[in-house]
Each structure stands twice: as C-alpha cells, then as structure tokens.
Amino acid sequence: MDDEGDGKERAAGPGLCCGSTTLSALWATFAFNTVFTLAQCFGAVLANSVALLSDTGTMFVDSLTYACNIGAEYLKVRGASERTAAAVDLSAAGLSTVALLAITAFTIDEALQRLLATGEGDKGGEVEEVNGPLMFVFTAVNLAIDVGMLGSILLRDRGGWSAVLSSSRRATVCEPPSEGGGNAGMGIGSSGSSGDLNVWSALAHVLTDTMRTVTEMTCSVIVMVSESTDSSRIDAIAALAVSAIIFGVALLVAYEAVAQWRACCARQRARQQQSTQMR
0 MDDEGDGKER AAGPGLCCGS TTLSALWATF AFNTVFTLAQ CFGAVLANSV ALLSDTGTMF
60 VDSLTYACNI GAEYLKVRGA SERTAAAVDL SAAGLSTVAL LAITAFTIDE ALQRLLATGE
120 GDKGGEVEEV NGPLMFVFTA VNLAIDVGML GSILLRDRGG WSAVLSSSRR ATVCEPPSEG
180 GGNAGMGIGS SGSSGDLNVW SALAHVLTDT MRTVTEMTCS VIVMVSESTD SSRIDAIAAL
240 AVSAIIFGVA LLVAYEAVAQ WRACCARQRA RQQQSTQMR
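Residue numbering for the sequence shown follows the working numbering, starting at 0 and increasing by one per position.
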C-alpha cells in the first residue's frame, strides 16, 4: 500500500508525467514546437521567405521525432525490458539522425538553388523580395520558444522553469539515480545513461533549430537595415554554414545511440557472466 501511495504521489508531483520528468520534458518540447510550427507556416507564406518555409518543414520533422521519443519513454515507464527499451531508444535516435541528415541535404540543395537564382538575377532575372520585418517577428518568437524548450529539457530534474524561477525546493523531483550515475540533469546523453538518450535526441533538434533561427534572424536584420543587400544570397551562404553544424549534431546523435547500445550489451554480458559464475 505504501509503495502504491508513493507511486501515486510521484505521478501527481510537479513536473511529472506518468511519474517521469523525462516524459514531462519531452511533452513540453513537443507542444511548444508543434504549436509554433503551425503559426510559422502561415508567417513564412506571408513573408514570402523560402528560408523560413524550409525551416518550418524541419520543425515538422522535429515534432515527429519528439513523438517517437515520447513513445519510447512510455514503453520504459511501463516496465519494458532493458533490451526492449534500448532497442526503442536506438530506433528513436536513428530516426533523429536520419531526419537531421535529410535536413542537411535539403538545406544544401535549397542554398545552392538560391545562389543560382541570385546569379540569374544579376543577369536580369527576377528574385523575390523577402519581408524582413515579418520574418524578424517570427524568428524572434521562435528564439524565445527555443529558450523555453531548452529550459524544459535541461531543468527537468529541478522541476522545470517554474521551480527554478520560484526557487521552490518542493518542486524538485527526487528520483533514483540513472544507471549512468546521478548527473542526469547535467550530462544529457552520457554514454551510460539509458534514460537520457531520448532527451539528448530532442536537445540536439532544439539546438539545431536555435542555430537556424539565429541565422534567419540575422538575415532579417540585414534586410531591414540595408536595402541594397542581397538577402537571398546572404541567407544561402549562412544556410550552408548551418547545414555543416546540423550534420555534426547528427553524427553526435548517431554516436550516442551506438554508445548506448554497446553499454546495454556490456551490461547484459556482465550479468550473464555473473550468473554463470554463481552456478
């Protein structure tokens, strides 16, 4: 009875979803991202910004990846075996890697097309104007949401933004330390921590989204400040630089997934050896 009561108390505690701070962080990230993605889709069309529209597409991919992360965490909360949980973790991280690589390929292709379009524009072709002020508004709001999502992930073991801002000790969630150690709140994605792999995947997506947002905001400022500047060409060059960063993050997520799988296999081999020795 006491165990059942404790479980109910944890499930109802601040910052918890089904007794898991990881699920709460992932749900908050998914909700923030999806709501603003829908709004930004309309803003991109009104601003006549291909860069903002392509960024919206990557945000839709991010939301799908967050949904996969949430499904993986629900399986672990409901008592799935370690091997099953690790396999689902690996699948979610693999999807994140594929999505990031697809974003990189699309960004490079879009940037090259923009560079070619600006070159044709110098020869008398027409290059569509970008609405700098409207683009700035959406990128500014997007940046604020990115900060909120980063906080919901990084501060999940301290009760989230509300607990930190109110300095409330009661909002701090006390959970058993993960298998990788007691630094789950600080070391997202450490190789031995099975509970943090999905959060690391989500964090990688938020970071890449933040980098894209900063790039687009910089372009929108340049468009507003200098009317003679070729914003399409500047945006294309910046997109190529950001695509390289996104590719690096994709490699990090892939490395973390492989490291997690190897750690799981090592633990299983250790248990089998221990069981053999006991016999």
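Quick reminder that beta carbons are idealized off the backbone N, C-alpha and C, glycines included.
This structure is a prediction, so every number in the text was calculated from the model and none was measured.
*Going by the CB atoms, is the gap between serine 151 and threonine 28 shorter than 8 Å?*
Sequence index remark: in the sequence shown, residue 28 carries index 29 (1-based). Sequence index remark: in the sequence shown, residue 151 carries index 152 (1-based). Cβ atoms of threonine 28 and serine 151: closer than 8 Å.
_Buried/exposed call for phenylalanine 137, threshold 16 Cβ in 10 Å_ = Residue mapping note: residue 137 aligns to position 138 of the sequence shown, counting from 1. The residue in question, phenylalanine 137, is buried, as its Cβ has 16 or more Cβ neighbours within 10 Å.
_Same chain, Cβ closer than 7 Å to alanine 85, neighbours up to 5 away in sequence not counted_ = Taking the first residue of the sequence shown as position 1, residue 85 is located at position 86. Listed in chain order, the non-local C-beta contacts of alanine 85 below 7 Å within the same chain comprise Ser193, Gln259, Trp260, Cys263, local neighbours out to five positions each way being set aside.
*For alanine 203, which of Phe41, Leu51, Ser62 has the nearest alpha-carbon?*
Translated into positions along the sequence shown, residue 203 becomes position 204. Cα-wise, what sits closest to alanine 203 is Ser62.
*Would you say the segment 207-222 touches the segment 230-246, given that touching needs at least three Cβ pairs under 8 Å?*
Touching, per the Cβ criterion.
*asked:* Three or more C-beta pairs under 8 Å: does that hold for the segment 96-105 against the segment 66-81?
replied: No, they do not touch.
*Taking 8 Å as the threshold, find out whether the segment 129-149 comes into contact with the segment 41-61 through three or more Cβ pairs.*
The answer is yes - the segment 41-61 touches the segment 129-149, with three or more Cβ pairs under 8 Å.
*Alpha carbon to alpha carbon, how far is arginine 270 from methionine 210? Give it in angstroms, no decimals.*
Here residue 210 is taken as the residue at index 211 of the sequence shown, counted from 1. Here residue 270 is taken as the residue at index 271 of the sequence shown, counted from 1. In this model, methionine 210 and arginine 270 are separated by some 43 Å (Cα to Cα).
_Using only CA atoms, which one of Asp208, Ser225, Thr275 lies nearest to threonine 103?_
Mapped onto the sequence shown, residue 103 falls at position 104. Measuring from the Cα of threonine 103, the nearest candidate turns out to be Asp208.
*Between the Cα of alanine 240 and the Cα atoms of Leu133, Val198, Leu111, which residue gives the shortest distance?*
Counting from 1 along the sequence shown, the entry for residue 240 is found at position 241. For alanine 240, the nearest C-alpha among the options comes from Leu111.
_With a threshold of 8 Å between beta-carbons, can phenylalanine 59 be considered close to chain C, or not?_
Checking the listed chains, one finds no chain C in this structure; it contains a single protein chain.
*In chain order, what residues of the same chain lie with their CB nearer than 6 Å to the CB of arginine 169, ignoring the 5 residues before and after it?*
Taking the first residue of the sequence shown as position 1, residue 169 is located at position 170. Note that arginine 169 scores a pLDDT of 44, beneath 50, so its modelled location is shaky; the value from the coordinates is reported in the next line. Excluding sequence neighbours, arginine 169 sits near nothing in its chain.
*Roughly how many angstroms separate the alpha carbons of valine 140 and isoleucine 107, rounded to a whole number?*
Here residue 140 refers to the residue found at position 141 of the sequence shown. Here residue 107 refers to the residue found at position 108 of the sequence shown. Between the alpha carbons of valine 140 and isoleucine 107 lies a gap of roughly 25 Å.
*Check whether the Cβ of leucine 154 sits closer than 7 Å to any heavy atom of the ligand FMN, and report yes or no.*
Ligands are entirely absent from the displayed structure, and the ligand FMN is therefore not among its contents.
*Starting from arginine 270, trace the alpha helix (DSSP H) both ways and give me its first and last residue.*
As a first step, residue 270 is located in the sequence shown; it is residue number 271 there, counting from the start. Per DSSP, arginine 270 belongs to the alpha helix (DSSP H) from 230-277.
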